[in-house]
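The letter at position 34 of the sequence shown is residue 34 when you use this note's numbering, and the numbering goes up by one with no holes.
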Amino acid sequence: MSLLTLVGVYFDGRSVSSLQRLEAHLASQQEALWKQKVKNNPDVDDRRKLYREEVTTAIEQYQADSRKYRRIHNGLQTLIMIGSASTTTIAALDTGKELTW
Numbered sequence: 001m002s003l004l005t006l007v008g009v010y011f012d013g014r015s016v017s018s019l020q021r022l023e024a025h026l027a028s029q030q031e032a033l034w035k036q037k038v039k040n041n042p043d044v045d046d047r048r049k050l051y052r053e054e055v056t057t058a059i060e061q062y063q064a065d066s067r068k069y070r071r072i073h074n075g076l077q078t079l080i081m082i083g084s085a086s087t088t089t090i091a092a093l094d095t096g097k098e099l100t101w
């Protein structure tokens, strides 16, 4: 599986900004370099270094995604808590008739 597939980069040439184009080019160059290193049948130490280089990119991507989704989740959870508290407050204030026992 290619690095471009893992990172989710889509490159069309026209529909992406120059920054995205540069990122896609960088990712493809990194993948080409990685493939070139792998073709040499590296020993265990070199394989470990290649793995660490490759996994660092994936970890950074996952961390960025988790920060994004954490913000979304926290915002929605705050909205739910505020809605619940306001509904409870409104229900408590609207007693209708005076309660009699």
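All C-beta atoms, glycine included, are put in the ideal place defined by N, C-alpha and C. Since the model is a prediction, treat every value here as computed from it, not as a measurement.
Determine the DSSP secondary structure at residue i, reduced to helix, strand or coil.
i     : result
Ser17 : coil
First and last residue of the alpha helix (DSSP H) that includes residue i?
i     : result
Asp65 : Val44 to Leu93
Contact check, residue i vs residue j under 8 angstroms by CB: the rounded distance?
i     : j     : result
Leu50 : Pro42 : 7 angstroms
Spatial neighbours of residue i within its chain, please: C-beta separation below 6 angstroms, excluding the five flanking residues on both sides.
i     : result
Lys35 : none
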